[in-house]
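Engineer: Below are the structure tokens for one structure; questions will follow.
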Amino acid sequence: MAKEIYYNDVNVGDDMPSFTSDPINRTHLVRYAGASGDFNPLHHDNTFVAMFGMERVISHGMLVMGITGRAITDWIPQKHLKSFKVRFSGMTEPCDLNDMDNTSARATLTVTGKVVEKKEEGGDNLVVCEVQTADALGGVKITGTFSAALPKK
Amino acid sequence: MADKSKIGTEFEPFVFEVEKGKIMEFALAISQKEGRDQVDQIYIDSATAKKEGYKDIIPPPTFQTCFALWGGGGLMPMITALNINLGRLLHGEEEYDYLAPIHPGDVITCQTKVKDVYEKEKKNKPGKFMEFTVLETEMKNQKGEVVIKARSTLVER
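Taken in sequence, the protein lines are chains A and B.
Under the numbering used here, the first residue of the first sequence is numbered 9, with each subsequent residue one higher.
Under the numbering used here, the first residue of the second sequence is numbered 764, with each subsequent residue one higher.
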């Protein structure tokens, strides 16, 4: 859970603390399917994706956004979050449990971000940040922005 | 060509009742955890949430994705009504404005409409276009307060 953070202590150019996920495996996808209600077989059924010539299932984009959100709320208390927007730019394949050495990098996501703007707007002290989520091979999954209204000291 | 006449189309509203157990399940899923004690306790424990300045437990920032999927019969009715080719569909963007908190027991009514329809020429294939449909969903609680405004951009390759 994020500690309190103050507008005065955040500066344009500051990095948000980076966050790295566990390697996403198929059980994570099944758990997310049940939690979200997104049962598109693209995310769990290899016989379905084979019909499109795909080698394996892919992660829900919204799970990747969820992991990105977790990185944000680990840094800034969620009650301050005002907006969160992402663009999906790449698919994420889960790791293969029988070949972790060669597959965990593609399924391990790191979220990084930077403060790009501070402004006082409508009585709020807003901090605007850019955020990016990429796998350990450099493949970008999400680029986005979020804003938070922080208290002043 | 992008069919601009779709702009303004409204879909049947759908209702989602927020439950503690569903919030926990969602928090575990996005946290890649198996036990309730392994995730941020503002999603699990009312007393902790209150101590952290919330009225009660809150859901994670992307929880509202399950409102349509569990409450509204999914995206399919909308995709069918908009005549979008499922085989070419990509989720392009997702955006949330957080206007008021959500807590267990809240009953959220969601109203989705087509906010925009446009097309862009493919960078590597001149003369070929991708179509974009922007859906905006207003989510109101039982008191009539808008809690979240969501925008989803669907892309047809």
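For every residue, glycine included, the Cβ atom is placed at its ideal position computed from N, Cα and C.
Taking Cβ-Cβ distances below 9 Å as the criterion, which residues of the region 74 to 86 of chain A are in contact with chain B?
Structural biologist: G74, I75, T76, G77, R78, I80, T81, D82, P85 and Q86
Engineer: What number of angstroms, rounded off, separates the C-alpha of A/G42 from the C-alpha of B/K912?
Structural biologist: Near 24 Å, if we compare the C-alpha coordinates of B/K912 and A/G42.
Engineer: Give the residues of chain B in contact with A/Y40, contact being defined as C-beta atoms less than 8 Å apart.
Structural biologist: Result: A792 and I793.
Engineer: Would you call the region 776 to 793 of chain B and the region 861 to 871 of chain B touching, i.e. three or more CB-CB distances under 8 Å?
Structural biologist: yes
Engineer: Have a look at B/T828, B/K891 and B/K878 and flag the residue whose alpha-carbon is nearest the alpha-carbon of B/F777.
Structural biologist: B/T828
Engineer: Bridge partners of B/M893, per DSSP?
Structural biologist: B/K883
Engineer: Bridge partners of A/G121, per DSSP?
Structural biologist: A/M24 and A/V139
Engineer: With DSSP run on the structure shown, which of helix, strand or coil describes B/L853?
Structural biologist: strand
Engineer: When you compare each of B/P889, B/E908 and B/L853 to B/F895 by their alpha carbons, which one comes out closest?
Structural biologist: B/L853
Engineer: Using the three-state DSSP reduction, which class does B/V918 fall into: helix, strand or coil?
Structural biologist: strand
Engineer: Give me the Cα-Cα distance between B/E899 and B/K876, rounded to the nearest whole angstrom.
Structural biologist: 5 Å
Engineer: Can you grab the Cα-Cα spacing for the pair B/A831 / A/G45, in whole Å?
Structural biologist: 9 Å
Engineer: Can you confirm whether B/F789, when its beta carbon is compared against all beta carbons of chain A, has any partner nearer than 7 Å?
Structural biologist: It does: the Cβ of B/F789 has a partner Cβ on chain A nearer than 7 Å.
Engineer: Apart from the five residues on each side of it in sequence, which residues of its chain come closer than 8 Å, Cβ to Cβ, to B/W833?
Structural biologist: F779 and K785
Engineer: Can you tell me the Cα-Cα spacing of B/V909 and B/T916, whole angstroms?
Structural biologist: 21 Å
Engineer: Does the beta carbon of B/H866 sit closer than 7 Å to a beta carbon anywhere in chain A?
Structural biologist: no
Engineer: Under 7 Å Cβ to Cβ from A/S29, same chain only, skipping five residues before and after it: list those, please.
Structural biologist: I75, T116 and L117
Engineer: List the residues that DSSP assigns as beta-bridge partners of A/D132.
Structural biologist: A/E129
Engineer: What in chain A is Cβ-close to B/D803, meaning under 9 Å?
Structural biologist: M9, A10, R78, T81, D82 and Q86
Engineer: Using alpha carbons as the reference points, say which of B/K891, B/D879 and B/E919 lies closest to B/E773.
Structural biologist: Residue B/D879 is the option with its Cα nearest to B/E773.
Engineer: When you compare each of B/P840, B/R920 and B/D800 to B/N887 by their alpha carbons, which one comes out closest?
Structural biologist: B/R920
Engineer: Can you tell me where the alpha helix (DSSP H) holding A/G74 begins and where it ends?
Structural biologist: G69 to W83
Engineer: Which residues in the same chain as A/L145 place their Cβ atom closer than 7 Å to its Cβ, once the five residues preceding and following it in sequence are excluded?
Structural biologist: A113 and R114
Engineer: For the region 867 to 880 of chain B, list every residue whose C-beta sits within 9 Å of some C-beta in chain A, in sequence order.
Structural biologist: none
Engineer: DSSP three-state call for A/R114: helix, strand or coil?
Structural biologist: helix
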